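S.K.: Sharing a structure, written as structure tokens. Questions coming.
2 protein chains.
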Amino acid sequence: MSVTAPQGFRAAGVTAGLKPSGKPDVALVVNDGPFEAAAAVFTSNRCKANPVLWSERAIGDGRLRAVVLNSGGANCYTGPEGFQTTHATAEKVAELGGFGAYDVLVCSTGLIGPLFSRERMLAGVEAATATLSTDGGADAATAIMTTDTVAKQSVHTSPAGWTIGGMAKGAGMLAPALATMLVVVTTDAEVDAAGLDAALRAATRVSFDRLDSDGCQSTNDTVALLASGASGVTPDPVEFTDALTAVCTDLARQLLADAEGADHEIAIEVRGAASEEDAVEVGRSVARSNLFKAAIFGKDPNWGRILAAVGTTGAAFDPADLDVAMNDVWICRKGMAADDPAGVDLEPRAVHIVIDLKSGDATATIWTNDLTHAYVHENSAYST
Amino acid sequence: MSVTAPQGFRAAGVTAGLKPSGKPDVALVVNDGPFEAAAAVFTSNRCKANPVLWSERAIGDGRLRAVVLNSGGANCYTGPEGFQTTHATAEKVAELGGFGAYDVLVCSTGLIGPLFSRERMLAGVEAATATLSTDGGADAATAIMTTDTVAKQSVHTSPAGWTIGGMAKGAGMLAPALATMLVVVTTDAEVDAAGLDAALRAATRVSFDRLDSDGCQSTNDTVALLASGASGVTPDPVEFTDALTAVCTDLARQLLADAEGADHEIAIEVRGAASEEDAVEVGRSVARSNLFKAAIFGKDPNWGRILAAVGTTGAAFDPADLDVAMNDVWICRKGMAADDPAGVDLEPRAVHIVIDLKSGDATATIWTNDLTHAYVHENSAYST
Numbered sequence: 041m042s043v044t045a046p047q048g049f050r051a052a053g054v055t056a057g058l059k060p061s062g063k064p065d066v067a068l069v070v071n072d073g074p075f076e077a078a079a080a081v082f083t084s085n086r087c088k089a090n091p092v093l094w095s096e097r098a099i100g101d102g103r104l105r106a107v108v109l110n111s112g113g114a115n116c117y118t119g120p121e122g123f124q125t126t127h128a129t130a131e132k133v134a135e136l137g138g139f140g141a142y143d144v145l146v147c148s149t150g151l152i153g154p155l156f157s158r159e160r161m162l163a164g165v166e167a168a169t170a171t172l173s174t175d176g177g178a179d180a181a182t183a184i185m186t187t188d189t190v191a192k193q194s195v196h197t198s199p200a201g202w203t204i205g206g207m208a209k210g211a212g213m214l215a216p217a218l219a220t221m222l223v224v225v226t227t228d229a230e231v232d233a234a235g236l237d238a239a240l241r242a243a244t245r246v247s248f249d250r251l252d253s254d255g256c257q258s259t260n261d262t263v264a265l266l267a268s269g270a271s272g273v274t275p276d277p278v279e280f281t282d283a284l285t286a287v288c289t290d291l292a293r294q295l296l297a298d299a300e301g302a303d304h305e306i307a308i309e310v311r312g313a314a315s316e317e318d319a320v321e322v323g324r325s326v327a328r329s330n331l332f333k334a335a336i337f338g339k340d341p342n343w344g345r346i347l348a349a350v351g352t353t354g355a356a357f358d359p360a361d362l363d364v365a366m367n368d369v370w371i372c373r374k375g376m377a378a379d380d381p382a383g384v385d386l387e388p389r390a391v392h393i394v395i396d397l398k399s400g401d402a403t404a405t406i407w408t409n410d411l412t413h414a415y416v417h418e419n420s421a422y423s424t
Numbered sequence: 041m042s043v044t045a046p047q048g049f050r051a052a053g054v055t056a057g058l059k060p061s062g063k064p065d066v067a068l069v070v071n072d073g074p075f076e077a078a079a080a081v082f083t084s085n086r087c088k089a090n091p092v093l094w095s096e097r098a099i100g101d102g103r104l105r106a107v108v109l110n111s112g113g114a115n116c117y118t119g120p121e122g123f124q125t126t127h128a129t130a131e132k133v134a135e136l137g138g139f140g141a142y143d144v145l146v147c148s149t150g151l152i153g154p155l156f157s158r159e160r161m162l163a164g165v166e167a168a169t170a171t172l173s174t175d176g177g178a179d180a181a182t183a184i185m186t187t188d189t190v191a192k193q194s195v196h197t198s199p200a201g202w203t204i205g206g207m208a209k210g211a212g213m214l215a216p217a218l219a220t221m222l223v224v225v226t227t228d229a230e231v232d233a234a235g236l237d238a239a240l241r242a243a244t245r246v247s248f249d250r251l252d253s254d255g256c257q258s259t260n261d262t263v264a265l266l267a268s269g270a271s272g273v274t275p276d277p278v279e280f281t282d283a284l285t286a287v288c289t290d291l292a293r294q295l296l297a298d299a300e301g302a303d304h305e306i307a308i309e310v311r312g313a314a315s316e317e318d319a320v321e322v323g324r325s326v327a328r329s330n331l332f333k334a335a336i337f338g339k340d341p342n343w344g345r346i347l348a349a350v351g352t353t354g355a356a357f358d359p360a361d362l363d364v365a366m367n368d369v370w371i372c373r374k375g376m377a378a379d380d381p382a383g384v385d386l387e388p389r390a391v392h393i394v395i396d397l398k399s400g401d402a403t404a405t406i407w408t409n410d411l412t413h414a415y416v417h418e419n420s421a422y423s424t
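Order-wise, the sequence lines are chains E and F.
Residues in the first sequence are numbered from 41 upward in steps of one, following the numbering used here.
Residues in the second sequence are numbered from 41 upward in steps of one, following the numbering used here.
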């Protein structure tokens, strides 16, 4: 169900022929109202894809009627010709839907550089519009897949009578501030654009922004949130933000679990930090250490590589008073070897690192994957 | 010859039994004067190994009589016991050499965490002292090898009558501000401590600090420069700095060529930057992109991943006016596909990337390696 779980939304997923594989590649989500409030966050990469350049403008007034997404091409670094394809796509969705082009968010994913056929994209929009349905969420979620092995969907229903539904695509190339990740979340709660924006920024800050699969940052990432208000219920803002955070966290974990070529999902929990910023900086530094990530692939509980990564940060800590646990075994205390690393079982897919900075009460968890032969293989052969 | 090429130095390399392999593992370099001026730079990692904690104090007065180095153990995260081993090592070198312990720099390399035998280390110092010789440079260079496949040495002789010699160890794990890299450079030029410090900082800034093999930053890195003054010649400061830079660059390139599991040596030249800092930031960002590095391993001229890495920086540039060349083929102009990437030959080991930011006159080159199966293998199996 995903994006069509809340009332007031229709969706579709069709095959437009953008992908050589012949798999579905165009998705459309339409908000039938009565609200048309929306919010979105985008990649912080300065070299942005054309759909992001378009969508940053489209979201300016906090109103959206539709999101159109394609796989089979990122429309990135394709110049003015590519921007015109994005523009024409929005115009086509708007024309068929009876609203304005700036009410349409455009998202693209796939290879960077080549430009897909505008003609096929526009025909795909026509086909998607023709098949829009209130149970089209799963089709839409499938049509945005690239190297994903499964479609990612999540739904949360409040006892108060409103629902949040979401879909996501992304597998690897995840990084802070978003990366090759497209997410559309819908709700039938009555929330205005300002309320959506505040909730979305709070939710993404502790979910998608704490995924750091390989440190790379995509050019196309978009997380959009649309409210139809069709439930007729105005939610408690705290409950709404919590529910949105739960949906975003669920989708983020699904992305992590499907990361390209990973053997382990690693949660790096930083405790005792002087600030949340310190905790995030430390977690991210460890998550980006290729040496640490290769060690986890090798099932080697190498805490020295963790300390070396902690040492590159500006966070508050005493190097002679750092503790590190791996899957509940405290293999490092006070910056020295402690419990026997042989007791650390790295066979399971889930790995839990705890780093205690002993400098305060703040905490944060960063999620990443290990660095594997399959990662190198998949990312050395992707476009050739 | 390396460190014994200049007059006034003796060196030795012996087997102390710190390495299970039974290969040489303790090196000693002694400055017989008449000068005893020295300078050193260390890792900027805040979680430093014990020998670095010692050596930062020892260099404080700009005087050194000896450098003692061991492979077979980094003496890092080994606590007070490890620091006492470093201290005892310096004391032993000083006692046998007839100078003070703070005249002795100590360097260690190898696994982090375990502590090697202090008894063997001290016996190694005795053996090294007993075999010190004015042609012991090659033995010393061999004794500091870990996963290095070749010893790294470099010599520069000035027509003015002075010489610089250097040795280095390191293979992979190279990063900015130094990383698992030990370098000792000697000279018989008459240069005081302040002159050595200025020259060393200038030379390392454009050589070792521009190597970024895997973005990780070691806990033990040290580059030391000792002057004996034995040539009796006071060099022109500019000529001396240039010569030192040439020796450091030569050693840095040897480190890059021997990086663990690399198939390609990649020079990332950033042109047209508004400042040298911008050029370095852009080069480093590309050098740290696992996606870019995996693409080079796969011989895939994927310029989109280069632009995506450029886009994560704060450097001055217009995303719609970036040019990128790979091995002399301008595959991206104005942020779009240009010459046919099929013309890029990535079979040779050397890869030359040029990124033109078109925002000024500054330039910098960062060196890195590709991300290969062998890298993952070597770094997932190192300690187990």
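All C-beta atoms, glycine included, are put in the ideal place defined by N, C-alpha and C.
Keep in mind the model is a prediction, meaning the values are calculated, not measured.
#1: Helix, strand or coil for residue 343 of chain F, going by three-state DSSP, please let me know.
#2: Which residues, in order along the stretch 304-317 of chain F, keep a beta-carbon less than 8 Å from a beta-carbon of chain E?
#3: Between residue 201 of chain F and residue 107 of chain F, is the Cβ-Cβ spacing less than 7 Å?
#4: Along the chain, where does the alpha helix (DSSP H) that runs through residue 96 of chain F open and close?
#5: Can you pull the chain E neighbours of residue 152 of chain F, defined as C-beta to C-beta under 9 Å?
#6: Whose C-beta lies closer than 6 Å to the C-beta of residue 264 of chain F among residues of the same chain, with five residues either side of it excluded?
#7: For residue 259 of chain E, return the contacting residues in chain F, with the cut-off set at a CB-CB distance below 9 Å.
#8: Would you say residue 376 of chain F faces chain E, with C-beta separation under 7 Å as the test?
#9: Tell whether a beta-carbon distance below 7 Å holds between residue 270 of chain E and residue 47 of chain E.
#10: Counting Cβ pairs, one atom from each stretch, are 3 or more of them under 8 Å apart for the stretch 247-262 of chain E and the stretch 162-182 of chain E?
#11: Can you pull out the residues from the stretch 113-135 of chain E whose beta carbon lies closer than 7 Å to at least one beta carbon of chain F?
#12: Using a Cβ-Cβ cut-off of less than 9 Å, list which residues of the stretch 388-419 of chain F approach chain E; keep chain order.
#13: Just confirm the distance between the C-beta atoms of residue 239 of chain F and residue 281 of chain F, as a whole number of angstroms; I'd bet it's less than 8 Å.
#14: Please compile the residues from chain E whose C-beta is within a distance smaller than 8 Å of the C-beta of residue 270 of chain F.
#15: If contact means a Cβ-Cβ distance below 9 Å, which residues of the stretch 69-92 of chain F contact chain E?
#16: In chain order, which continuous runs of the alpha helix (DSSP H) of length 4 or greater are located wholly inside the stretch 157-237 of chain E?
#17: Would you report the Cα separation of residue 279 of chain F and residue 230 of chain F, rounded to the nearest angstrom?
#18: Any beta carbon of chain E sitting closer than 7 Å to that of residue 334 of chain F?
#19: Could you tell me if residue 150 of chain E is buried or exposed, where buried requires 16 or more neighbouring beta carbons within 10 angstroms of its beta carbon?
#20: Quick check: what's the CA-CA separation for residue 424 of chain E versus residue 193 of chain E?
#21: Answer with yes or no whether the minimum CB distance from residue 186 of chain F to chain E is below 7 Å.
#22: Considering residue 373 of chain F, what are the terminal residues of the alpha helix (DSSP H) in which it resides?
#23: Name the two residues that bound the continuous beta strand (DSSP E) containing residue 396 of chain F.
#24: Would you decide whether residue 382 of chain E is buried or exposed? Buried here means 16 or more other CB atoms lie within 10 Å of its CB.
#25: From this set, F:156, F:197, F:260 and F:222, which residue's C-alpha is nearest residue 180 of chain F's C-alpha?
#26: According to DSSP, simplified to helix, strand and coil, what is residue 260 of chain E?
#27: How would you write the range of the alpha helix (DSSP H) that residue 288 of chain E sits in, first residue to last?
#28: Counting along the chain, where does the alpha helix (DSSP H) carrying residue 134 of chain E start and finish?
#29: Is it buried or exposed for residue 130 of chain F, if we count other Cβ within 10 angstroms and need 16 for buried?
#30: Excluding the five sequence neighbours on either side, which residues of its own chain have a C-beta within less than 6 Å of the C-beta of residue 413 of chain E, listed in chain order?
#31: Whose CA, out of E:261, E:356 and E:122, lies closest to the CA of residue 397 of chain E?
#32: Per DSSP, what kind of secondary structure is residue 115 of chain E in: helix, strand or coil?
#33: Is the stretch 377-391 of chain E touching the stretch 300-309 of chain F in the sense that three or more CB pairs, one from each, lie closer than 8 Å?
#34: What is the residue span of the alpha helix (DSSP H) that residue 148 of chain E lies within?
#35: With a threshold of 7 Å between beta-carbons, can residue 359 of chain E be considered close to chain C, or not?
M.R.: The relevant details are as follows:
#1: Position 303 of the second sequence, counted from the start, is the residue given in the question as residue 343 of chain F. In the structure shown, residue 343 of chain F sits in a helix (DSSP, three-state: H, G or I).
#2: none
#3: Residue numbering aside, residue 201 of chain F sits at position 161 when the second sequence is read from its first letter. Residue numbering aside, residue 107 of chain F sits at position 67 when the second sequence is read from its first letter. Result no, Cβ atoms of residue 201 of chain F and residue 107 of chain F do not sit closer than 7 Å.
#4: Walking along the second sequence from the start, residue 96 of chain F turns up at place 56. Looking at the DSSP string, the run of the alpha helix (DSSP H) that includes residue 96 of chain F is 90-98.
#5: Here residue 152 of chain F refers to the residue found at position 112 of the second sequence. Going along chain E in sequence order, the residues near residue 152 of chain F (Cβ under 9 Å) are 342, 343, 344, 345, 347 and 348.
#6: Numbered from its first residue, the second sequence carries residue 264 of chain F at position 224. Cβ neighbours of residue 264 of chain F beyond the five flanking positions: 80, 107, 145 and 224.
#7: Your numbering for residue 259 of chain E matches position 219 in the first sequence. By Cβ distance, chain F contributes 344, 347, 348 and 351.
#8: Counting from one through the second sequence, the residue named residue 376 of chain F turns up at place 336. Judged by the 7 Å Cβ criterion, residue 376 of chain F is in contact with chain E.
#9: Within the first sequence, the letter at position 230 stands for residue 270 of chain E. Within the first sequence, the letter at position 7 stands for residue 47 of chain E. Result yes, Cβ atoms of residue 270 of chain E and residue 47 of chain E sit closer than 7 Å.
#10: no
#11: 116, 117, 118 and 119
#12: 410, 411, 412, 413, 415, 416, 417, 418 and 419
#13: The residue labelled residue 239 of chain F in the question sits at position 199 within the second sequence. The residue labelled residue 281 of chain F in the question sits at position 241 within the second sequence. That belief holds up - the Cβ atoms of residue 239 of chain F and residue 281 of chain F are roughly 4 Å apart, short of 8 Å.
#14: Taking the first residue of the second sequence as 1, we reach residue 270 of chain F at position 230. The contacting residues do not exist; residue 270 of chain F stays about 38 Å from chain E at best.
#15: 83, 84, 85, 86, 87 and 88
#16: 158-170 and 177-183
#17: The residue labelled residue 279 of chain F in the question sits at position 239 within the second sequence. The residue labelled residue 230 of chain F in the question sits at position 190 within the second sequence. Cα to Cα, residue 279 of chain F sits roughly 13 Å from residue 230 of chain F.
#18: Stepping through the second sequence from its first residue, residue 334 of chain F is reached at position 294. So yes, residue 334 of chain F belongs to the interface.
#19: Within the first sequence, the letter at position 110 stands for residue 150 of chain E. Classification for residue 150 of chain E: buried.
#20: Residue 424 of chain E sits at position 384 when you count from the first residue of the first sequence. Residue 193 of chain E sits at position 153 when you count from the first residue of the first sequence. At residue 424 of chain E the pLDDT is 40, less than 50, meaning the model places this residue with poor confidence; the figure from the coordinates comes in the next sentence. Between residue 424 of chain E and residue 193 of chain E, the C-alpha separation is close to 30 Å.
#21: Position 146 of the second sequence, counting from 1, holds the residue named residue 186 of chain F. Judged by the 7 Å Cβ criterion, residue 186 of chain F is not in contact with chain E.
#22: The residue given as residue 373 of chain F occupies position 333 in the second sequence. Segment 369-373 is the beta strand (DSSP E) holding residue 373 of chain F; no alpha helix (DSSP H) there.
#23: Within the second sequence, numbered from 1, the residue matching residue 396 of chain F stands at position 356. Here the beta strand (DSSP E) through residue 396 of chain F covers 390-396.
#24: Reading the first sequence from its first residue, position 342 is the one you call residue 382 of chain E. The Cβ neighbour count for residue 382 of chain E, taken over all protein chains shown within 10 Å, is under 16; the residue is labelled exposed.
#25: What you label residue 180 of chain F is simply residue 140 of the second sequence in a count that begins at 1. Answer by Cα proximity: F:222.
#26: Your numbering for residue 260 of chain E matches position 220 in the first sequence. It is coil, neither helix nor strand.
#27: The residue given as residue 288 of chain E occupies position 248 in the first sequence. It spans 277-297 - the alpha helix (DSSP H) in which residue 288 of chain E sits, taken as one unbroken run.
#28: Position 94 of the first sequence, counted from the start, is the residue given in the question as residue 134 of chain E. Counting along the chain, the alpha helix (DSSP H) containing residue 134 of chain E begins and ends at 119-137.
#29: Stepping through the second sequence from its first residue, residue 130 of chain F is reached at position 90. Classification for residue 130 of chain F: buried.
#30: Taking the first sequence and counting its residues from 1, the one referred to as residue 413 of chain E is at position 373. So no residue of the chain qualifies.
#31: Residue numbering aside, residue 397 of chain E sits at position 357 when the first sequence is read from its first letter. Taking only the C-alpha atoms, the option nearest residue 397 of chain E is E:356.
#32: Locating residue 115 of chain E in the first sequence gives position 75, where the first residue counts as 1. Coil, per DSSP.
#33: no
#34: Position 108 of the first sequence holds residue 148 of chain E. From DSSP, residue 148 of chain E is part of no alpha helix (DSSP H) but of the beta strand (DSSP E) over 144-148.
#35: Judged by its chain identifiers, the structure shown contains no chain C, and its protein chains are E and F.
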